[in-house]
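See below for the structure under consideration.
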Amino acid sequence: MSDVVERTLSALPGLLGQPEAGAGLGLGGGAGRSSATSRLGGLIRSITALASKHEEEKLIQQELKNLKAMVSAPTTTLRLMKECMVRLIYCEMLGYEASFGYIHAIKLAQQGNLFEKRVGYLAVSLFLHENHELLLLLVNTVVKDLQSSNLMEVCMALTVASQIFPREMIPAVLPLIEDKLQHSKEIIRRKAVQALYKFYLIAPNQVQHIHDKFRKALCDRDVGVMAASLHIYLQMVKEDSSGYKDLTGSFVAILKQVVGGKLPVDFNYHSVPAPWLQIQLLRILGLLGKDDPRTSELMYDVLDESLRRAEINHNITYAILFECVQTIYTIYPKSDLLEKAAKCIGKFVLSPKINLKYLGLKALTYVVQQDPILALQHQMTIIECLEHPDPIIKRETLELLYRITNGQNVTVIVQKMLDYLIQSKDDYTIINIAGKIAELAEKYAPDNEWFIQTMNAVFSVGGDKMHPDIPNSFLRLLAEGFEDEKEDGQLRLHAVQSYLTLLEDKNAVYPQKFLQVMSWVLGEYSYLMKNVDPEVVLTSLHRVLRSSATSETKAWIMAAATKVASRTPCSKTVDKLIQEFSTSLDTCLRQYAFELKHLGEDRELMKKVFPVDASCEDIVVDASLSFLDGFVAEGLGCGAAPYKPHHQRQEEKLSQEKALNFEPYGLSLSPKFLSTGFTGRQSPTGLSLGSDISGNSAEAGQKETNSLKLGGVKKLWGKEGYLPKKENQVEKDIKPVLQGSTSAEHVTDNFISQPEQEIVDLLEGEKEKQQLASTLFVGLGSQSSLSLMGKGDSTTQKFKRKSKIGEVQNSKESSSSQSTASSFLSPFSDALPKNKELFQNNGHLRLRKTSLTSPETLESKVVFDRSHSLPEAGLNEKLLGLRFSPPALCVDGNMDVFQPSPSSQSVVNKQLSLMPALPEELARHPHSEILELCGDASLVLYSCKVWKDDCVLLCLFLANKTTSVLKAVNLEFERTEHFTILESPGCSFSGIEAHSIENLQKCIEIGGLCSEGLLSGSISYHLDSDTHLRFSVTLALLDFIRPMKITTDEFGKLWLSFSNDVKQNLKMTSSRGSLSAILSTLQKNLKLHIVDVIGNEGIVACRLLPSVPCLLHCRLHAGMLALWFRSPCSALLDCLLYQCQKVMEES
410 MSDVVERTLS ALPGLLGQPE AGAGLGLGGG AGRSSATSRL GGLIRSITAL ASKHEEEKLI
470 QQELKNLKAM VSAPTTTLRL MKECMVRLIY CEMLGYEASF GYIHAIKLAQ QGNLFEKRVG
530 YLAVSLFLHE NHELLLLLVN TVVKDLQSSN LMEVCMALTV ASQIFPREMI PAVLPLIEDK
590 LQHSKEIIRR KAVQALYKFY LIAPNQVQHI HDKFRKALCD RDVGVMAASL HIYLQMVKED
650 SSGYKDLTGS FVAILKQVVG GKLPVDFNYH SVPAPWLQIQ LLRILGLLGK DDPRTSELMY
710 DVLDESLRRA EINHNITYAI LFECVQTIYT IYPKSDLLEK AAKCIGKFVL SPKINLKYLG
770 LKALTYVVQQ DPILALQHQM TIIECLEHPD PIIKRETLEL LYRITNGQNV TVIVQKMLDY
830 LIQSKDDYTI INIAGKIAEL AEKYAPDNEW FIQTMNAVFS VGGDKMHPDI PNSFLRLLAE
890 GFEDEKEDGQ LRLHAVQSYL TLLEDKNAVY PQKFLQVMSW VLGEYSYLMK NVDPEVVLTS
950 LHRVLRSSAT SETKAWIMAA ATKVASRTPC SKTVDKLIQE FSTSLDTCLR QYAFELKHLG
1010 EDRELMKKVF PVDASCEDIV VDASLSFLDG FVAEGLGCGA APYKPHHQRQ EEKLSQEKAL
1070 NFEPYGLSLS PKFLSTGFTG RQSPTGLSLG SDISGNSAEA GQKETNSLKL GGVKKLWGKE
1130 GYLPKKENQV EKDIKPVLQG STSAEHVTDN FISQPEQEIV DLLEGEKEKQ QLASTLFVGL
1190 GSQSSLSLMG KGDSTTQKFK RKSKIGEVQN SKESSSSQST ASSFLSPFSD ALPKNKELFQ
1250 NNGHLRLRKT SLTSPETLES KVVFDRSHSL PEAGLNEKLL GLRFSPPALC VDGNMDVFQP
1310 SPSSQSVVNK QLSLMPALPE ELARHPHSEI LELCGDASLV LYSCKVWKDD CVLLCLFLAN
1370 KTTSVLKAVN LEFERTEHFT ILESPGCSFS GIEAHSIENL QKCIEIGGLC SEGLLSGSIS
1430 YHLDSDTHLR FSVTLALLDF IRPMKITTDE FGKLWLSFSN DVKQNLKMTS SRGSLSAILS
1490 TLQKNLKLHI VDVIGNEGIV ACRLLPSVPC LLHCRLHAGM LALWFRSPCS ALLDCLLYQC
1550 QKVMEES
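With my numbering applied, the sequence shown corresponds to residues 410 to 1556, in that order.
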């Protein structure tokens, strides 16, 4: 250890020292260098010589006290300040706060020479974070250094900007960093690209206008600049691969050069040419070639070359091979490459090295959904991995088995998962495996009894660590039922029987969530046990209530006991409950006891309050508290002050104090728009949909970050002492739960962990493995029905939920479709006001359609469905070939002019008569041209967008070009995260007459904000056979923008009420003209309303349908156009800023 310290100290003078003016002349330069680090070296030696943490803390506190006095002294030179900063950095690295030196670090970065500035920037980047209030003082320094002619100063400014600058400060430095993309030095260009990559991650819409410059960086002559740009392109291709298909050739050419070893030797790693660059390019190519035959064809050769050249036995080549395999199975398939990738996976799986075996299992898990036969080839190796001593290998093997689960092997795979779950002590593993078992049990349960016993095992082993949505969704599954009422009753009866049997064991200890599940089921469905007296159920609940149950569990049990008590005329146990808990210190239990007492005095009222099997009845909740409107009106009439949101009170306070505000802003709406906002109803996952637009969201977030987070921390000590000592007792208590009811012995045998028998004969052991493989991999053969997780199952799901809402009245079908569509909205949708009636109608639907493992609760799966994409791709190729083939009218530059015959003229007239036209009432509104979306020889679909003041109307026209009637014409839109169809998403026509046109109109509403998106759908009709066509309509954000006509006074009031804002400076040329001309251009292209123009300043207003306002303040000064947007929706600001930049560049 001492050798390491000595070598570190000897290197510090060269790293942190500063050459003095007379160093080269022998005037004590060496002494100057050593003095800069002598005190730091002494501090490090003193700390390493200490024997305890207490002595270290005492020494550091004294050092910090001396440093504070030294940096605060007015006689301290910059050179001495640099030495102090180095020691402060070391103290902070050890975990001791030195906040008094933060401001001095900023001063050092502002005032010092090159070496002192370097230490100052280093200290600032280590001391401050993105939300630190002192970061505001660094903006001017960074701007000045970005404009410096000194190369080192520019590099330091770019580094600091990319590390700690938040999104609010990006507009101040973005134009300067953008200019650095054209710098003559490659290091400046590379650091500029890295800074822009950081800006893209935190504020993508602020850098969208310089995508063309990213393309220049991709073609930069310096390899480092090109490699830095790949990070940006990987992120952008992940978000939208369709916009970068034209760059596939460039990425392929770069990869060919890298694989061919044409890059400088400096980029090699263990003789492998630029491995990390290869990995980045392979990931980008995989995203670009997914489900695209034409794009995939461009990359087949280079992928083959990458597989062939990655033959060096080193970990980095294994990583390249793994990425190659993933890319080959992601893009449009090619048989030769698939065979080579399969051989590569086989080498990994069969390798004795643990790392390679893990890579093989990981790759096999990824590709098994597309090539299940590959798992059959390695089934014996997979069986051996189940008994591997490495837990990571065993867990990845279970993940693979989870992917190949079907109705025939579900019992064996679930048993293996349960065995692993019982042995595991890791919280993450318990949460993950428990969720997977619950999903498999719901999807592939062979019978009701097996399903109940499996879920009992999950609740017992998973305990209180598993995700709370698993028990909640299980209860919802029991309550809603399925399509068969008889199945509903049998499932509930099995659950009641199982739980009564489990509660008979007086010594068993169950997890709290499991007790809550049992109490709810017994309270709702214990009446199904005709031969069991309700008094028996009440006695069992009372015994659990007196045991070690938490306050929350006791509340569940009291509610269940109250429901059971409503079905019995008199009960001694009920009297005991009332007597015991009427004087309880727990307010909730005392309230339950008084409610039970008063309801017991009126039996008729008690039966009305607790009807039989009424857990799914709709309860209308007035979340807007409209019943208080009279009270509020009375208070206002008596002179009470109207309510002011938090942000408005904050604005008034700031205007009075005239002080800087460093508190984070909350995303709030003005009172004018709160009436149409969310009501804050809870979603199925327990997240409030209205939480993100609450006026106190910033305060809530601040409280959350300041509180101590104990999630995931294992509890070792409690009131009883050291807790792990009691684990053996818990494991013993789990055993009766796994046994279940006595009537299900043939099922519970699967959940009892049998001891492993010693293998006497090797052949006998191999025979057992063969038998296990036949049960695990059943259903994966080519002749059998394949049913994989994430693919379309050929078998019917065991527990198919039903929607009870649709049985009540047919008029709610439209709201059902709207609620389903709204569940797929983008995260931006939480800032958009919605219709309150629509929100209340669709709330319960979404609540009931969450499965045991919904995408909101458990980790999502990658879905690959090649069976559907192949025929569609072929059909699209044919349509594209028909539509875009060049007309053969001109040959060798000569054109034949001919006169049509009378017969052909009549055909042309018929075709012209089939051209659609807008109705007169719609033609008066602004609208787009009528465009052809798709069609064939029989049917053509046209579209036209009508921009009404309150909505976007999509008019569709279906033209029958044949002489026969087209029957059963159905048009259906697909769900999308960005757009919602307010009416039903489809339309049907029994028939379309020959040479006639049918039309329909759909009102479109924007959900998740985006610059541009596609609304796709399909058409089917029957002529001689069933025909299907696909189409897509392009919708832009500007389709949903409308002018907002307000006065200047109204503009000022709204401006103060909005807390979300975005600023950007745009360079203007002299040819742009005055501010009025610029605003007229924006008004014409973006549908804005110019409120007022005074001199070189102007204010503009618009709204996003239906009623989300956005305000813009413009100022033209010194060749720069300063744009300042404000709106209650932060996402809308970035989108409109991008549109403004785009319009100004195009004009």
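Built from N, CA and C at the ideal position, the CB exists for glycine as well.
Backbone CA spacing between Thr982 and Met864 [nearest angstrom]: 30 Å
Going by other Cβ atoms of all chains shown within 10 Å of its Cβ, with 16 needed for buried, is Thr1559 buried or exposed? Residue 1559 lies beyond the residue range present for the chain, which begins at 410 and ends at 1556; the question has no answer from this structure.
Taking the alpha carbon of Lys1411 as the reference point, which residue from Ser1468, Ile813 and Glu1381 has its own alpha carbon closest? Glu1381
With 16 as the cutoff for other CB atoms within 10 Å, does Arg1535 come out buried or exposed? buried
Starting from His1431, trace the beta strand (DSSP E) both ways and give me its first and last residue. Glu1421 to His1431
I'd like the ranges of any alpha helix (DSSP H) spanning at least 4 consecutive residues and lying wholly in the region 1473 to 1500. 1484 to 1495
Short Cβ contact (8 Å threshold) for Gly670 with Pro682: yes
Distance CB(Glu577)-CB(Phe536) smaller than 8 Å: no
Compute the Euclidean distance between the alpha carbons of Ala458 and His513, then round it to the nearest angstrom. 30 Å
Leaving out the 5 sequence neighbours to the left and right, which residues in its chain are closer than 8 Å to Ile729 when beta-carbon positions are compared? Val681, Pro684, Gln687, Ile688, Leu691, Ser715 and Ala719
Report the rounded CA-to-CA distance for Val946 versus Ser928, giving the unit in angstroms. 10 Å
Can you tell me whether DSSP reads Pro1452 as helix, strand or coil? strand
For Ile1503, is the classification buried or exposed, using 16 other Cβ atoms within 10 angstroms of its Cβ as the cut-off for buried? exposed
Are Val1471 and Leu1363 closer than 8 Å when you measure CB to CB? no
Go through the region 1369 to 1427 residue by residue and report every complete run of the beta strand (DSSP E) that reaches 3 residues or more, in order. 1375 to 1382, 1388 to 1390, 1395 to 1401 and 1406 to 1415
Just the C-alpha distance for Asp745 and Glu706, rounded to the nearest angstrom, thanks. 13 Å
Looking at Lys699: is its Cβ nearer than 8 Å to the Cβ of Thr657? no
Should Ile801 be labelled buried (16 or more other beta-carbon atoms within 10 Å of its own) or exposed? exposed
Among the candidates Leu747, Leu1545, Gly769 and Ser461, whose CA atom is the shortest distance from the CA of Arg1451? Leu1545
Mapping the DSSP letters down to three states, classify Glu796 as helix, strand or coil. coil
Residues bridged to Ser1468 [DSSP beta-bridge criterion]: In DSSP, Ser1468 forms no bridge with anything.
Within the region 678 to 737, ranges of the alpha helix (DSSP H) (whole runs, at least 4 residues): 684 to 697 and 702 to 718
May I have the straight-line CA-CA distance separating Gln921 from Cys1419, to the nearest angstrom? 44 Å
What first and last residue would you give for the alpha helix (DSSP H) that runs through Asp1435? Taken as a continuous stretch (DSSP letters only), Asp1435 belongs to no alpha helix (DSSP H), being part of the beta strand (DSSP E) at Asp1435 to Ala1445.
Bridge partners of Trp1356, per DSSP? Val1361
Suppose only complete runs of 4+ residues qualify. What are the alpha helix (DSSP H) ranges in the region 851 to 905, listed by chain order? 857 to 871 and 878 to 889
Classify Ser957 as helix, strand or coil using the three-state DSSP reduction. coil
To the nearest angstrom, how far is the alpha carbon of Met479 from that of Ala958? 59 Å
Taking just the CA atoms, how far does Glu1414 sit from Cys1360? 7 Å
Once you ignore the five residues that flank Ala566 on each side, which residues in its own chain have a CB closer than 7 Å to its CB? Val551, Asp554 and Leu555
Helix or strand or just coil, what does DSSP make of Ala917? coil
Is Arg576 helix, strand or coil when you go by DSSP? helix
For the alpha helix (DSSP H) that contains Gly1039, what are its first and last residues? Asp1038 to Gly1046
Just the C-alpha distance for Phe1003 and Ile573, rounded to the nearest angstrom, thanks. 58 Å
Coarse secondary structure for Ala507, derived from DSSP in three states: coil
Between which two residues does the beta strand (DSSP E) containing Ser1536 stretch? Met1529 to Ser1536
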